[in-house]
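K.L.:
The structure that follows is given in the form of structure tokens.
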Amino acid sequence: MARILITSAIPYINGIKHLGNLVGSQLPADLYARYCRARGHEVLFLCATDEHGTPAELAAAKAGKPVDQFCAEMWAVQDELGRGFRLSFDHFGRSSSPQNHKLTQHFAGRLADAGLIEEVSEKQVYSNADGRFLPDRYIEGTCPNCGYDKARGDQCENCTKQLDPTDLIDPRSAISGSTDLEVRETKHLYLKQSGMRDQLNAWIDSKTDWPILTTSIARKWLNDGDGLQDRGITRDLDWGIPVKRGEADWPGMEGKVFYVWFDAPIEYIACAGEWVEAGKGTDWERWWRTDKGADDVRYVQFMGKDNVPFHTLSFPATILGSGEPWKLVDYIKSFNYLNYDGGQFSTSQGRGVFMDQALAILPSDYWRWWLLSHAPETSDSEFTWETFQQDVNKDLADVLGNFVSRITKFCRSKFGEAVPEGGAYGPQEEALIIDLEARLTRYQAHMDAIEIRKAASELRAIWVAGNEYLQSAAPWTAYKEDPERAAAITRFALNLIPFYAGLSAPFIPDAAALMVEAMNVDLAWPESAALALRQLPGGHVFAVPDVLFAKIGDEDREDWQTRFAGVRT
Ligand SMILES: [Zn+2]
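Take any residue in the sequence shown, count from 1 to its spot, add 987: that is its number in this note's numbering.
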């Protein structure tokens, strides 16, 4: 038994996440957490909301609410949706927690003591009408390169040119539209990441088993152009973690907060403290401090590719730079993007299917199965309603659902609702056991390696093998001439149901729960196919379960296709 710490990239607070976000971090992290627990490992699975920064302030203002109240409400919404998708977090925390305030200030103090923080005076745009400094992306104006009139201070969306706010022609505040802007001097703290480049390079080089997607992005940021750049870690904002040097005030930094990218990953650690405070655990340091028991923890992170630089460079720089024995990540599983019907999912444009909408039309298992079996691991993948309908109907309804329904109903009609006695397993059953044994080994290897599509495809093949067996052994035919043989086939096929439930639970937990409930057994990971398929003895009472998966009809599919074709309003 191992101890495995799992974190999912923390979703930003300002809205409900779409299915592309879900499959890029939380859902695969949940799959792995469920698998690890099923294999008997001790797991701590953490996620939280990422609550600071200007977008949260602006979303709150738009909703007409104080930002702390807005965040508390949106946290509750995301928490509820996570439960709806059966995300089995041990704790779903908040980056605005007191634990994260304290830890973030602590890390900043340690980094300053180590000489890794620099005070930099810079010029920043101040809006007199808004009474605040404006982050680059909240200044709009005309692009000097292409003439587009809604270019942002950090980049022109039209021609993609990187900009400085002072490059813009006729700049204005994106908050109020005011043109009463001036450039003021302000001081900020910078994390001297560039000085840690060699250390980070060596650390990345040591991760020979990481996905190429992860290491290639890290190396690009380390080496391209002028190499790894120092990064500002403070902002002139109200909403955030006040800048302090540990517990002490930081002269010159009054009224400033830490930049959200600095405090968000520290929440992974703080969240474990929240988990203890919530009464769900007793000792968080044994998961996070290598001097307090975390040296045997394996730490795995899940995230979309856009988050890789922060997790491979900036957060490790914070941890290594602190000089304290914090646990560093052991494996980073990163994902490409899931696209939506010929374009991109987009939160800002409301394009695609969002978590609340998905649960309103179908149970979570349908989405979990499809999204995970199409996880964008080696390249982007695409959601279309046609493939969704086709795959769900085939894999879940025709193969798995049909198998369970067919054999339990057949047994009820011929033998009653108890596993039939009599007969013995023959060559056909022994051959399938050998086949399933090999498949089980492969499935576990894919799950251990977090190769999600390969694991899904092996699981599908395991379901198909049962269906093919039932078709060829044909207990309904055997029953007429040799009821003993029919009894053995039926007993074997019924034994496949808890075997399937155990293996399928990480993907489709609700259906797996229904399967074991109907079969009157506990959910368990099979030690071997040979043992598992002899688990239910003759006479064991079961019940025919309700239909596990209803098929998606063409009418529904067309209706959803139309309903989700536009943008969310
Ligand atoms: Zn432009």
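Where is the CB? At the ideal position from N, CA and C, for every residue including glycine.
This one's a predicted model, so the numbers in the text were calculated from it and none came from an experiment.
My output table needs one value for VAL1230: the three-state DSSP class, helix, strand or coil.
P.N.:
In the structure shown, VAL1230 sits in coil (DSSP, three-state: anything other than H, G, I, E or B).
K.L.:
Going by the beta-carbon positions, is the gap between ASN1087 and ASP1250 smaller than 8 Å?
P.N.:
yes
K.L.:
Any chance the CB of LYS1279 is under 7 Å from a heavy atom of ligand 1?
P.N.:
no
K.L.:
With H, G and I counted as helix, E and B as strand and the rest as coil, what does DSSP make of SER1459?
P.N.:
helix
K.L.:
Within 10 angstroms of its Cβ, does VAL1554 collect 16 or more other Cβ (buried), or is it exposed?
P.N.:
exposed
K.L.:
Where do the N-terminal and C-terminal ends of the alpha helix (DSSP H) with THR1041 fall, by residue?
P.N.:
1041 to 1050
K.L.:
Need the endpoints of the beta strand (DSSP E) that PRO1131 sits in, please.
P.N.:
Taken as a continuous stretch (DSSP letters only), PRO1131 belongs to no beta strand (DSSP E), as it is neither H nor E.
K.L.:
Is the CB-CB distance between GLN1180 and GLN1216 below 8 Å?
P.N.:
Their beta carbons are under 8 Å apart, which means GLN1180 touches GLN1216 by this criterion.
K.L.:
Given ASP1123, which residues of its chain have a CB within under 6 Å of its CB, disregarding the five upstream and five downstream residues?
P.N.:
Result list for ASP1123: GLY1140, ASP1141 and PRO1152, in chain order.
K.L.:
Rounded to a whole number of angstroms, what is the C-alpha to C-alpha distance between PRO1414 and ARG1429?
P.N.:
23 Å
K.L.:
In this structure, what does DSSP give as the bridge partners for GLN1078?
P.N.:
With the sequence shown as reference, residue 1078 is identified as His, and Gln is not the correct amino acid for it. DSSP output for HIS1078 lists LEU1033 as bridge partner(s).
K.L.:
Report yes if the C-beta of LYS1137 is less than 7 Å from at least one heavy atom of ligand 1; otherwise report no.
P.N.:
no
K.L.:
Are there 16 or more other CB atoms within 10 angstroms of the CB of GLN1288, so buried, or fewer, so exposed?
P.N.:
buried
K.L.:
Do GLU1106 and GLY1260 come within 8 Å of each other at the CB atom, strictly closer than that value?
P.N.:
Against a cut-off of 8 Å, the Cβ pair of GLU1106 and GLY1260 comes out as no contact.
K.L.:
From HIS1298 to ARG1285, what distance separates their C-alpha atoms?
P.N.:
16 Å
K.L.:
In whole angstroms, what is the alpha-carbon distance linking ARG1184 and GLY1214?
P.N.:
In this structure, the straight-line span from the alpha carbon of ARG1184 to that of GLY1214 is close to 8 Å.
K.L.:
Within the chosen definition, does the region 1356 to 1371 reach the region 1046 to 1054 through at least 3 CB pairs nearer than 8 Å?
P.N.:
With a cut-off of 8 Å, the region 1046 to 1054 and the region 1356 to 1371 do not count as touching, because too few Cβ pairs lie within range.
K.L.:
What does the alpha-carbon distance come out to for the pair ASP1100 and ARG1232?
P.N.:
9 Å
K.L.:
Report yes or no: do three or more beta-carbon pairs, one from the region 1009 to 1017 and one from the region 992 to 999, lie closer than 8 Å?
P.N.:
yes
K.L.:
Tell me the rounded alpha-carbon separation between TRP1463 and MET1434.
P.N.:
Approximately 36 Å, taken between the alpha carbons.
K.L.:
Where DSSP assigns a beta bridge to GLY1219, which residues make up the other side?
P.N.:
TYR1177
K.L.:
LEU1490 and PRO1513 look like a contact to me (Cβ under 8 Å); what is the Cβ gap, rounded to whole Å?
P.N.:
7 Å
K.L.:
Measure the alpha-carbon distance for SER1515 versus LEU1427 and round it to whole angstroms.
P.N.:
Approximately 8 Å, taken between the alpha carbons.
K.L.:
List the whole-angstrom C-beta distance separating CYS1023 from GLU1038, where the pair is believed to meet the contact cut-off of C-beta under 8 Å.
P.N.:
Actually they are not in contact, since the Cβ atoms of CYS1023 and GLU1038 sit about 28 Å apart, beyond 8 Å.
K.L.:
Enumerate in chain order the residues of its own chain whose CB-to-CB distance from ALA1405 is below 6 Å, with the five nearest sequence positions on each side excluded.
P.N.:
Correct list, in chain order: GLY1526 and VAL1528.
K.L.:
For SER1333, which of ILE991, GLN1111, MET988 and LEU1009 has the nearest alpha-carbon?
P.N.:
LEU1009
K.L.:
So, for ILE1156: in the same chain, excluding its five sequence neighbours on each side, which residues have a beta-carbon less than 7 Å away from its beta-carbon?
P.N.:
GLY1128, THR1129 and PRO1131
K.L.:
Is it buried or exposed for GLU1067, if we count other Cβ within 10 angstroms and need 16 for buried?
P.N.:
exposed
K.L.:
Under 8 Å: do the region 1392 to 1407 and the region 1467 to 1477 share three or more Cβ pairs, one atom per stretch?
P.N.:
By the C-beta criterion, the region 1392 to 1407 is judged to be in contact with the region 1467 to 1477, since at least 3 inter-stretch pairs fall below 8 Å.
K.L.:
State the Cα-Cα distance for the pair ILE1449 and LEU1423, rounded to the nearest angstrom.
P.N.:
Cα to Cα, ILE1449 sits roughly 7 Å from LEU1423.
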